[in-house]
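Enquirer: For the sequence shown, counting from 1, position 385 maps to 1102 in this note's numbering; every step adds exactly one.
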Amino acid sequence: MNLTVKEGNYLALGAKVFKNQITFTFEGEKEDTCRIVLIHKETKEREYISVSDDYCMGSLRSITVSGIQPQEYTYLYEINGKEVLDPYATVIVGREIWNDESRKEEKFKLSAGFETTAFSWGDDKNPEIPKSEMIMYKLHVRGFTMGLKNAGKTKGTFQAVKNKIPYLKDLGVTTLELMPIYEFEEMPIPKELDIPDYVKWLPEAEDIIQPVIVDKEVKKLNYWGYGEGNYFAIKASYASAPKKANAEFKQLVKTLHENGMECVLEFFFPEDANHNMIMDVLHYWVKEYHVDGFHMIGVSLPITSIVQDPILSRTKIFMEDFHGQYDSRRKYKNLYIYKDEYQYAARQLINQYDCDIREFANQQRKQGENYGYVNYVASNNGFTLADCFMYNDKHNEANGEENRDGNDYNLSNNFGIEGPTKKKFINEQRRNRMRMAFTMLMFAQGVPLIMAGDEFGNTQEGNNNAYCQDNEIGWVNWSQFAKYKEDREFLKELIGFRKQHGIITKEEPFRFNDYRTMGAPEFSYHGENAWISQLDPGRRSLGMLYNGAYAKEGQSREDIYVGYNFYSEDVKLALPILKQKKWMLAGMELEDQQFVVVPAHSICVLKSIEVPKTISTKRKARKTKEV
718 MNLTVKEGNY
728 LALGAKVFKN
738 QITFTFEGEK
748 EDTCRIVLIH
758 KETKEREYIS
768 VSDDYCMGSL
778 RSITVSGIQP
788 QEYTYLYEIN
798 GKEVLDPYAT
808 VIVGREIWND
818 ESRKEEKFKL
828 SAGFETTAFS
838 WGDDKNPEIP
848 KSEMIMYKLH
858 VRGFTMGLKN
868 AGKTKGTFQA
878 VKNKIPYLKD
888 LGVTTLELMP
898 IYEFEEMPIP
908 KELDIPDYVK
918 WLPEAEDIIQ
928 PVIVDKEVKK
938 LNYWGYGEGN
948 YFAIKASYAS
958 APKKANAEFK
968 QLVKTLHENG
978 MECVLEFFFP
988 EDANHNMIMD
998 VLHYWVKEYH
1008 VDGFHMIGVS
1018 LPITSIVQDP
1028 ILSRTKIFME
1038 DFHGQYDSRR
1048 KYKNLYIYKD
1058 EYQYAARQLI
1068 NQYDCDIREF
1078 ANQQRKQGEN
1088 YGYVNYVASN
1098 NGFTLADCFM
1108 YNDKHNEANG
1118 EENRDGNDYN
1128 LSNNFGIEGP
1138 TKKKFINEQR
1148 RNRMRMAFTM
1158 LMFAQGVPLI
1168 MAGDEFGNTQ
1178 EGNNNAYCQD
1188 NEIGWVNWSQ
1198 FAKYKEDREF
1208 LKELIGFRKQ
1218 HGIITKEEPF
1228 RFNDYRTMGA
1238 PEFSYHGENA
1248 WISQLDPGRR
1258 SLGMLYNGAY
1268 AKEGQSREDI
1278 YVGYNFYSED
1288 VKLALPILKQ
1298 KKWMLAGMEL
1308 EDQQFVVVPA
1318 HSICVLKSIE
1328 VPKTISTKRK
1338 ARKTKEV
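(1) For the pair the stretch 784-797 and the stretch 750-759, tell me if three or more CB-CB distances fall below 8 Å.
(2) What are the residues that DSSP puts in a beta bridge with residue 779?
(3) Across the stretch 846-861 and the stretch 1168-1175, are there enough close Cβ pairs to call them in contact, namely three or more that are closer than 8 Å?
(4) Which residue or residues does DSSP assign as beta-bridge partners of residue 1345?
(5) Given this structure, state the Cα-to-Cα distance separating residue 742 from residue 1060, to the nearest angstrom.
(6) Give the straight-line distance between the Cα atoms of residue 882 and residue 1194, rounded to the nearest whole angstrom.
(7) Using only CA atoms, which one of 1290, 1317, 1296 lies nearest to residue 1309?
(8) Going residue by residue through the stretch 742-820, where are the continuous beta strand (DSSP E) segments of at least 3 residues, counting only ones entirely within it?
(9) For a minimum of 3 consecutive residues, which ranges assigned as the beta strand (DSSP E) are wholly contained in the stretch 1035-1076?
(10) Could you tell me the alpha carbon to alpha carbon distance between residue 927 and residue 981, rounded to whole angstroms?
(11) Just reading off the beta strand (DSSP E) that residue 892 is part of, what are its end residues?
(12) Any chance the stretch 893-902 sits against the stretch 972-981, with 3 or more Cβ pairs inside 8 Å?
(13) Straight-line CA distance for residue 767 to residue 751?
(14) Take residue 1254 as the anchor and find which of 1073, 903, 723 has the nearest alpha-carbon.
(15) If contact is defined by three or more beta carbon pairs under 8 Å, each pair taking one atom from either stretch, is the stretch 1276-1292 in contact with the stretch 1302-1322?
(16) Taking the alpha carbon of residue 818 as the point to measure from, which residue in 846, 1300, 904 has its own alpha carbon closest?
(17) Return the chain-ordered ranges of every beta strand (DSSP E) run that is complete within the stretch 1148-1206 and spans a minimum of 3 residues.
(18) Please classify residue 775 as buried or exposed, where buried requires at least 16 other C-beta atoms within 10 Å of its C-beta.
(19) With residue 1082 and residue 1240 assumed to form a contact (beta carbons below 8 Å), what rounded beta-carbon distance in angstroms separates them?
(20) Can you name, in chain order, every residue of its own chain whose Cβ lies under 6 Å from the Cβ of residue 1257, other than the five neighbours on each side?
(21) Could you check which residue in 801, 1085, 734, 784 has the C-alpha nearest to that of residue 915?
(22) From 862, 911, 952, 869, pick the residue whose C-alpha is nearest to that of residue 901; which is it?
(23) What is the rounded straight-line gap between the Cα of residue 1235 and the Cα of residue 1326?
(24) Enumerated in chain order, which unbroken segments of the alpha helix (DSSP H) with a length of 4 residues or greater are wholly contained in the stretch 935-1002?
(25) If you measure between the beta carbons of residue 1273 and residue 1265, is that distance less than 8 Å?
(26) Runs of 3 residues minimum, wholly inside the stretch 1207-1276: which ones carry the beta strand (DSSP E) assignment?
(27) Residue 1135 to residue 1068, Cα distance in whole Å?
(28) Write down the C-beta distance between residue 1237 and residue 1295 rounded to the nearest angstrom, noting that I regard them as a contact closer than 8 Å.
(29) With the cut-off set at 8 Å, would you say residue 1010 and residue 990 are in Cβ contact?
(30) Spatial neighbours of residue 765 within its chain, please: CB distance less than 8 Å, with the 5 preceding and 5 following residues excluded, ordered by chain position.
(31) At what residues does the alpha helix (DSSP H) containing residue 1418 begin and finish?
(32) Quick test of the definition: if touching needs 3 or more C-beta pairs under 8 Å, does the stretch 864-884 touch the stretch 832-844?
(33) Taking the C-alpha atoms as reference points, what is the distance between residue 1263 and residue 814?
(34) What is the residue span of the alpha helix (DSSP H) that residue 1023 lies within?
(35) Where are the beta strand (DSSP E) runs, 3 residues long or more, that stay fully inside the stretch 1269-1316, in chain order?
Listed below in structure tokens is the structure:
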């Protein structure tokens, strides 16, 4: 090749293609011997470009090269004789097929490619959905559609997820959360294999678990993708056209935005991850892929930098905790606490474990000044929602670890029979509990999250840790879809009700007083007596009143009363008497306006209606005054 080399751009890490030029920027100390290795895609022949000390700034080296045809080559860096995979590579070559056994023959070798696929975003805009309107739906790109019978070659891909957007939108979902979609190594790599140096950092490379034999051969894969990865590159095997994975994912995001929906990505970073690189990763995905948010997982994250970064100021950030890393000079609307607190409180009550009703009450009205909360009853790490009410014990035998993995404290209840049953009474109890869980979730003040498939009884057969199960156990069970039609419609109605009544989803913490003189407190608790919050330990019933007068303009001003009963017998809860209003249940006026009987293991939702003054009432009032 006839190449021309000049100084590059030290601020642009990685390989950037511009017209007929490629700028390479990577780490290499002055005393290092550095070369760029160009690998021809067809012939596999290698050509080398030396990067001298003349192109060094600090520990970075950067050159701009003219004369390379990027569509014909991949590349590596060579530093002091050792080949290095570019950590800033936007395309990874060699992992285009999921769990490709032929990669063993190639010793799992990888190289970096150049992104050359054009994509037009048009007038794409991020929806920026406020937390009060968000309904999150978490899925695994591959597992979400592998169980579909009619998806053809698009099974397990971004394209298949895109095809499900109409269904998700109809359900009421506003925000998709995708488990890791950056390039990661899913296959186990044997220690004894002579692999390249740049592969050795892969998760569990030092202690790889070999395939185990159970009823059938099961190969333990990093199915979820939690582990160090190539953070700037799309997982090519999640695309129906792997060579155009970047464009396929962009089309997914664009289509979501066209439907008024958001895309949030989950990222895991190891403890020793470079904080500067983490910031570069987030900036890249916002700029290049127009993503709407990030769920950050890791024990060492640059929290202050993320929270106060101006580029990310309108990007949603989800973390387990922000540890108070705020700038007091601004009000944050893009931060969310994301952890298991709501899950435990809800499951304890539903399944009759010891629980302080006070904790559940707090979870239902939990909202921060600078951040919101994400609430869920089931997520990927644990039982599915259906399995919470079908299994007492975990059943993680299929991965060959003899059921030693996974959480032993599941707060689940099988209602007398472990696993599926044909007994109608038990199945009715289980489905009732699922509906209770969704009802609790939709009346909680934070952002509700649904795990993919939970809306139609998805089961993992009691497996509560399917991180390695790339099979029917880990895939969403779409065969249940038709069976749970009524349950899906129930959830859809709940979501619609929540969106209609904005008082439920107020973005600031509720107040327990009538600070705007609307006739009743903004929010209040009720027990056997109205206006008295009975939150004693061991108690399992409670009424919650949302004062609709405090709703924003354009939202329903109906008062909402939710009566919770987690006892095994009916309970009578007191109803607050509201001036010129009556309580309605299921569209009918209650005969007794002072109390509501909530059946065992049930949740009652009441709405208020205005009662206009009648002429006779006004006349009577005048006569009384005259007397």
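No residue lacks a Cβ here, since even glycine has one placed at the ideal position from N, Cα and C.
Expert: Judging by the given coordinates:
(1) yes
(2) According to DSSP, which records beta bridges pairwise, residue 779 is partnered with 742.
(3) yes
(4) This structure cannot speak to residue 1345, because the chain is shown only from 718 to 1344.
(5) 45 Å
(6) 18 Å
(7) Taking only the C-alpha atoms, the option nearest residue 1309 is 1290.
(8) 751-757, 763-767, 777-783, 790-796, 799-801, 808-810
(9) 1052-1055
(10) Note that residue 927 has pLDDT 46, beneath the 50 cutoff, so the model's placement of it is unreliable and the number below is only indicative. A straight-line Cα-Cα distance of about 33 Å links residue 927 and residue 981.
(11) 892-895
(12) yes
(13) 6 Å
(14) When the alpha-carbon of residue 1254 is set against those of 1073, 903, 723, the nearest one is in 1073.
(15) yes
(16) 904
(17) Within the stretch 1148-1206, the complete beta strand (DSSP E) segments at least 3 residues long are 1164-1168, listed from N- to C-terminus.
(18) Burial call: exposed.
(19) The Cβ separation is near 6 Å, so the contact holds.
(20) Once the five neighbours on either side are set aside, the close Cβ partners of residue 1257 are 1283, 1284.
(21) Minimum Cα distance to residue 915 is reached at 801.
(22) 952
(23) 15 Å
(24) Correct list: 962-975.
(25) yes
(26) 1240-1243, 1258-1263
(27) When rounded, the distance between both Cα atoms is 15 Å.
(28) 6 Å
(29) no
(30) 752, 753, 754, 755, 795
(31) Outside the displayed range of the chain (718 to 1344) lies residue 1418, so it cannot be described from this structure.
(32) The stretch 864-884, when compared against the stretch 832-844, does not touch it at the 8 Å Cβ threshold.
(33) Distance between the alpha carbons of residue 1263 and residue 814 is about 52 Å.
(34) Per DSSP, residue 1023 belongs to the alpha helix (DSSP H) from 1020-1025.
(35) DSSP assignment within the stretch 1269-1316 yields the following whole beta strand (DSSP E) runs of 3 residues or more, N-terminal first: 1277-1282, 1288-1291, 1298-1302, 1312-1315.
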